[in-house]
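Before any comments, here is the structure.
In our numbering, the protein residues as written are 33 to 426.
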């Protein structure tokens, strides 16, 4: 029988391609600006699909329920329901209330990933009902596989828990039910060289790692082959809170990569609308999107890894949702600046949690295509109907 570290190493060794592809790596060529979330958002999936901030990947299906929220259901190994954010955060927080999908070979995941392949993960293996895994990557580096962590949690596939990522220029905290269970500091990550620090998109979903055609190491890591003979594997996301620290600025509209971008947070250019618009929002309230225009750019700041960090409070408190809409079906001023120091939260990250969701009803569903994290990093062909699971976390 494989021990835990060997299984993790074997799985990781088969997933190298997952960390080495992106639509546009700004370290290698000029890439479009990353649109900024620019605020705090609370998405209550028991009341809303969150379409204003998240999209469901083409070819995949997510359904919704008034009690358990977003339903990520897999009835066969070719399905991998996935949602991704439209915008990026540049340091910030993500807190989601999740009940992971049960069953060997099934993985539920929440991932922050940048265009230059920085990454911060939470992953649940459905055959392990006693712990959750954390991981991180920098610039797609898969030369070592010692970054993963295992964290005890009670019945993760049978009940909801709040899982958080609090990410600043100084450290990453992983939290469970508001308590910090792991910390990665900038200094500990190769003095910053291996620290995730580029603007990130949010991705979440369930997928099959224990596929019939999966490498043995991946199958072992996932707890065995997936078995759908007793019905679908279903993961639930009740709600998510997303906070964009905006690199310490306010009113961010996009994050731009300068010519010669080296992957360091200090060189990111923050474009703003010139207003203090980092207000809270919730997808249960209707709101017209702001119309902003950004045209100015600026040269990257030249600072050193040892530069002092300035604190700028930006973690805003989310408001309780207003108008409720039920969902039970499937699915300006120019002020560009470069950051010489990104932001840290004004209060300790460990007190931030995803808000509790309200309820009523229940449903099940079917879905398709990929979502990700450590294994969602293998390129898989999903087959029929041309569903390509070139793992979305690429």
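Cβ coordinates follow ideal geometry from the N, Cα and C atoms, glycine included.
Nearest candidate by alpha-carbon position, reference residue i, set the options
{"i": "residue 103", "options": "122, 127, 132, 234", "result": "132"}
{"i": "residue 169", "options": "100, 286, 216", "result": "216"}
{"i": "residue 56", "options": "188, 172, 211, 208", "result": "172"}
{"i": "residue 106", "options": "204, 264, 294, 246", "result": "264"}
{"i": "residue 253", "options": "165, 70, 79, 85", "result": "165"}
{"i": "residue 303", "options": "61, 139, 65", "result": "65"}
{"i": "residue 139", "options": "109, 207, 152", "result": "109"}
{"i": "residue 179", "options": "188, 291, 154", "result": "154"}
{"i": "residue 137", "options": "70, 298, 246", "result": "246"}
{"i": "residue 144", "options": "94, 305, 229", "result": "229"}
{"i": "residue 271", "options": "298, 61, 129", "result": "129"}
{"i": "residue 71", "options": "204, 298, 286", "result": "286"}
{"i": "residue 297", "options": "61, 224, 81", "result": "224"}
{"i": "residue 190", "options": "269, 167, 204, 86", "result": "269"}
{"i": "residue 204", "options": "151, 244, 94, 75", "result": "151"}
Spatial distance of residue i from residue j (CA atoms)
{"i": "residue 126", "j": "residue 273", "result": "6 Å"}
{"i": "residue 149", "j": "residue 59", "result": "10 Å"}
{"i": "residue 219", "j": "residue 202", "result": "8 Å"}
{"i": "residue 256", "j": "residue 92", "result": "24 Å"}
{"i": "residue 96", "j": "residue 88", "result": "12 Å"}
{"i": "residue 176", "j": "residue 249", "result": "16 Å"}
{"i": "residue 211", "j": "residue 280", "result": "24 Å"}
{"i": "residue 99", "j": "residue 301", "result": "41 Å"}
{"i": "residue 227", "j": "residue 221", "result": "5 Å"}
{"i": "residue 158", "j": "residue 294", "result": "38 Å"}
{"i": "residue 101", "j": "residue 266", "result": "12 Å"}
{"i": "residue 84", "j": "residue 185", "result": "32 Å"}
{"i": "residue 54", "j": "residue 289", "result": "15 Å"}
{"i": "residue 156", "j": "residue 306", "result": "41 Å"}
{"i": "residue 199", "j": "residue 192", "result": "23 Å"}
{"i": "residue 196", "j": "residue 124", "result": "11 Å"}
{"i": "residue 333", "j": "residue 241", "result": "Residue confidence is low: residue 333 scores 36 on pLDDT, short of 50, so the model does not pin down where it sits. Its coordinate-derived value is still stated next. Cα-Cα distance, rounded: 42 Å."}
{"i": "residue 162", "j": "residue 141", "result": "16 Å"}
{"i": "residue 292", "j": "residue 167", "result": "28 Å"}
{"i": "residue 206", "j": "residue 73", "result": "19 Å"}
{"i": "residue 276", "j": "residue 261", "result": "42 Å"}
{"i": "residue 75", "j": "residue 86", "result": "9 Å"}
{"i": "residue 90", "j": "residue 299", "result": "33 Å"}
{"i": "residue 251", "j": "residue 80", "result": "35 Å"}
{"i": "residue 182", "j": "residue 258", "result": "22 Å"}
{"i": "residue 244", "j": "residue 160", "result": "20 Å"}
{"i": "residue 380", "j": "residue 61", "result": "Any reading at residue 380 needs caution, since the residue's pLDDT is 36, under 50, leaving its predicted position unreliable; the model's value is listed next. Those two C-alpha atoms are separated by around 37 Å."}
{"i": "residue 214", "j": "residue 208", "result": "10 Å"}
{"i": "residue 77", "j": "residue 174", "result": "34 Å"}
{"i": "residue 282", "j": "residue 122", "result": "12 Å"}
{"i": "residue 94", "j": "residue 82", "result": "11 Å"}
{"i": "residue 187", "j": "residue 194", "result": "13 Å"}
Whole-angstrom C-beta distance between residue j and residue i, which should lie under 8 Å
{"i": "residue 278", "j": "residue 120", "result": "About 10 Å; that fails the 8 Å criterion."}
{"i": "residue 68", "j": "residue 284", "result": "4 Å"}
{"i": "residue 63", "j": "residue 147", "result": "6 Å"}
Counterpart residues of residue i in DSSP-defined beta bridges
{"i": "residue 75", "result": "272"}
{"i": "residue 124", "result": "199, 276"}
{"i": "residue 115", "result": "88, 236"}
{"i": "residue 300", "result": "BP columns for residue 300 are empty, so no partner."}
{"i": "residue 155", "result": "141, 165"}
{"i": "residue 184", "result": "163"}
{"i": "residue 287", "result": "66, 302"}
{"i": "residue 146", "result": "232"}
{"i": "residue 214", "result": "206"}
{"i": "residue 267", "result": "104"}
{"i": "residue 129", "result": "194, 271"}
{"i": "residue 96", "result": "102"}
Check: residue i C-beta below 8 Å from any heavy atom of the ligand PLP
{"i": "residue 92", "result": "Ligands are entirely absent from the displayed structure, and the ligand PLP is therefore not among its contents."}
Cβ contact (3+ pairs, closer than 8 Å) linking the segment 236 to 253 and the segment 103 to 117: yes
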